[in-house]
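Visitor: Before I ask anything, let me first share the structure, which is written out below as structure tokens.
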Amino acid sequence: VNAWQRNAWISLLFFAPLWLIFGQLPILLVYLEGPKFLHLFSFACSTILGGLMWLFLFFFNKNRKGKKKTEFDERDQLILIRATLAAYVVLWLYFIAACLYAWLSASPERSISVNVMPMVVVGGIVVFLVAQSITTLIQYGRGDKGEQS
Amino acid sequence: MNRAQKIAWFNLTVMVAGVALVMVMAAIKVIELAIVILLGIGGLVGISPVLFWKKGKINFDERDELISERGILMASVITCSYFAVTCLMPLITVGPKGSVPVNELIGIVIGAFICFVTSKSVITLLAYGRGNKNVQM
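From first to last, the protein sequence lines are chains A and B. If you count the first sequence from 1, position 146 lands on 146 in my numbering, and the numbers rise without skipping. If you want my numbering, it's the position in the second sequence, counting the first as 1, plus 149.
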């Protein structure tokens with residue numbers, strides 16, 4: 001298992017569920033209790049931390065492997081680009097599906113709560129993380145083909 | 150000008166002209182025609198690779214593939230940012246207890262499509278640059 005496979009597993013098992021919980025919770029609390037500083041602050045914190053997840057993975061891998069090894073070659077780059085592209089395709093389909101579902105299943109007055117929209121965005125980030133991680137793992141395959149762990 | 154550039158120019162022109170027409174139609178309250186124009190934009194953008202197809206010629210090498218891949222990636226980033234901003238904006242403007250019409254969601258999706266095609270075309274044209282560097286007509 002190389003560094004990028006390990007990153008994908010960490011994203012899939014820890015970051016995606018954490019982001020799902022800590023991203024959706026403040027939106028739900030804002031809806032139930034009204035906008036309070038604490039809720040908005042926690043949402044801002046989870047957004048910033050979510051955006052900086054790659055930094056954690058970067059330092060995690062750097063400390064684990066040492067600085068002298070080459071850990072990112074052309075193949076890894078190609079896999080990463082393709083995984084990101086595939087994740088964007090999935091994300092795009094998810095956004096369309098979410099909007100169409102809300103449009104089709106709306107109540108007779110034909111309006112939805114504004115809280116649904118941030119939930120769709122947070123869900124989209126989780127979908128992106130999961131799709132990217134799964135695509136990365138699928139592309140690397142099961143075996144360690146030429147990988148040095 | 151190669152095939153990718155021609156497609157990018159075509160898509161950009163269709164988008165700008167189409168969106169301007171839709172805005173005019175929406176302003177004079179001819180919504181049905183505006184929807185037909187939007188569908189027409191989607192159709193024209195969809196068939197643009199076929200319109201500029203030349204049989205028997207190699208019209209897509211590694212450089213074109215790299216530019217196309219990067220264009221799609223960057224356009225996706227821009228589109229997702231647009232989507233996030235448009236989804237979070239009502240929460241700030243209307244308030245957490247408010248509601249928005251569902252038709253706005255379809256508008257967001259159509260806007261995202263326009264944003265994606267326009268940004269991809271612009272990025273492709275910028276990546277190729279002005280001159281015809283080793284590009285055969």
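We put the beta carbon where it would ideally sit given N, CA and C, even for glycine. Note that this is a predicted model, so its numbers are computed, not measured.
Just verifying my parser: in three-state terms, what is the DSSP assignment at residue 250 of chain B?
Guide: For this step, residue 250 of chain B is matched to residue 101 along the second sequence. If DSSP states are grouped into helix, strand and coil, residue 250 of chain B belongs with the strands.
Visitor: Name the two residues that bound the continuous alpha helix (DSSP H) containing residue 138 of chain A.
Guide: The sequence position of residue 138 of chain A within the first sequence is 138, counting from 1. It spans 116-140 - the alpha helix (DSSP H) in which residue 138 of chain A sits, taken as one unbroken run.
Visitor: What do you get for residue 1 of chain A, buried or exposed, if any count of 16 or more other CB atoms within 10 angstroms of its CB means buried?
Guide: For the purposes of this step, residue 1 of chain A is taken as the residue at position 1 of the first sequence. The residue in question, residue 1 of chain A, is exposed, as its Cβ has fewer than 16 Cβ neighbours within 10 Å.
Visitor: Could you check whether residue 5 of chain A and residue 135 of chain A sit closer than 8 Å to each other, using their CB atoms as the reference points?
Guide: Along the first sequence, one-based indexing puts residue 135 of chain A at 135. Along the first sequence, one-based indexing puts residue 5 of chain A at 5. Taking 8 Å as the Cβ cut-off, residue 135 of chain A and residue 5 of chain A do not qualify as a contacting pair.
Visitor: Please list, in chain order, the chain B residues whose beta carbon lies closer than 8 Å to that of residue 135 of chain A.
Guide: On the first sequence, residue 135 of chain A is found 135 positions in, with the first residue counted as 1. The premise fails here: residue 135 of chain A is roughly 14 Å from chain B at the closest Cβ pair, so nothing lies under 8 Å.
Visitor: So that I know if they touch, is there some Cβ in chain A lying closer than 8 Å to that of residue 170 of chain B?
Guide: Here the question's residue 170 of chain B lines up with position 21 in the second sequence. With 8 Å as the cut-off, residue 170 of chain B does not count as an interface residue toward chain A.
Visitor: Please state whether DSSP places residue 111 of chain A in a helix, a strand or coil.
Guide: As a working mapping, residue 111 of chain A is identified with position 111 in the first sequence. Residue 111 of chain A falls in the strand class under three-state DSSP.
Visitor: Could you name the residues of chain A that residue 271 of chain B contacts, counting a contact when the two beta carbons are closer than 8 Å?
Guide: Along the second sequence, read from residue 1 onward, the residue named residue 271 of chain B stands at position 122. Under the 8 Å cutoff, chain A gives no residues; its nearest Cβ is about 18 Å from residue 271 of chain B.
Visitor: Counting only beta-carbon atoms, is residue 40 of chain A nearer than 8 Å to chain B?
Guide: For the purposes of this step, residue 40 of chain A is taken as residue 40 along the first sequence, with counting starting at 1. So, not an interface residue.
Visitor: Under 9 Å between beta-carbons, which chain A residues line up against residue 257 of chain B? List them in chain order, please.
Guide: Reading the second sequence from its first residue, position 108 is the one you call residue 257 of chain B. Chain A residues near residue 257 of chain B: 95, 99 and 117.
Visitor: Helix, strand or coil for residue 7 of chain A per DSSP?
Guide: On the first sequence, position 7 is the one that residue 7 of chain A refers to. Reduced to three states, the DSSP call for residue 7 of chain A is helix.
Visitor: Compare the C-beta of residue 131 of chain A with all C-beta atoms of chain B and state if any pair is closer than 8 Å.
Guide: Taking the first residue of the first sequence as position 1, residue 131 of chain A is located at position 131. False, the Cβ-Cβ gap to chain B never drops below 8 Å.
Visitor: Should the segment 111-128 of chain A be called in touch with the segment 22-32 of chain A, which here means at least 3 C-beta pairs below 8 Å?
Guide: Output reads yes: the segment 22-32 of chain A touches the segment 111-128 of chain A.
Visitor: Quick one: does residue 198 of chain B have its CB under 8 Å from some CB of chain A?
Guide: For the purposes of this step, residue 198 of chain B is taken as residue 49 along the second sequence, with counting starting at 1. No - not a single Cβ of chain A is within 8 Å of the one on residue 198 of chain B.
Visitor: Does residue 149 of chain A have its Cβ less than 8 Å from a Cβ in chain B?
Guide: Numbered from 1 along the first sequence, position 149 holds the residue referred to as residue 149 of chain A. Because the pLDDT at residue 149 of chain A is just 47, under 50, the model does not fix this residue reliably, and the value given afterwards should be weighed accordingly. So, not an interface residue.
Visitor: Are the beta-carbon atoms of residue 223 of chain B and residue 272 of chain B separated by less than 8 Å?
Guide: The residue you call residue 223 of chain B lines up with position 74 of the second sequence. The residue you call residue 272 of chain B lines up with position 123 of the second sequence. Yes. Within cutoff.
Visitor: Taking residue 268 of chain B as the query, report the chain A residues whose CB atoms sit under 8 Å from its CB, ordered along the chain.
Guide: Stepping through the second sequence from its first residue, residue 268 of chain B is reached at position 119. Result: empty, since nearest Cβ-Cβ is about 13 Å, beyond 8 Å.
Visitor: If you measure from the beta carbon of residue 11 of chain A to each beta carbon in chain B, is any gap under 8 Å?
Guide: Working through the first sequence from its first residue, we reach residue 11 of chain A at position 11. Output row for residue 11 of chain A: interface = no.
Visitor: Short of 7 Å in beta carbon distance, which residues of its chain neighbour residue 94 of chain A, apart from the five on each side in sequence? Order them along the chain.
Guide: As a working note, residue 94 of chain A is residue 94 in the first sequence. Around residue 94 of chain A: 124 and 127.
Visitor: From residue 15 of chain A to residue 233 of chain B, what distance separates their C-alpha atoms?
Guide: Residue numbering aside, residue 15 of chain A sits at position 15 when the first sequence is read from its first letter. Residue numbering aside, residue 233 of chain B sits at position 84 when the second sequence is read from its first letter. When rounded, the distance between both Cα atoms is 19 Å.
Visitor: Helix, strand or coil: which one does DSSP assign to residue 34 of chain A?
Guide: For the purposes of this step, residue 34 of chain A is taken as the residue at position 34 of the first sequence. Residue state, collapsed to three classes: coil.
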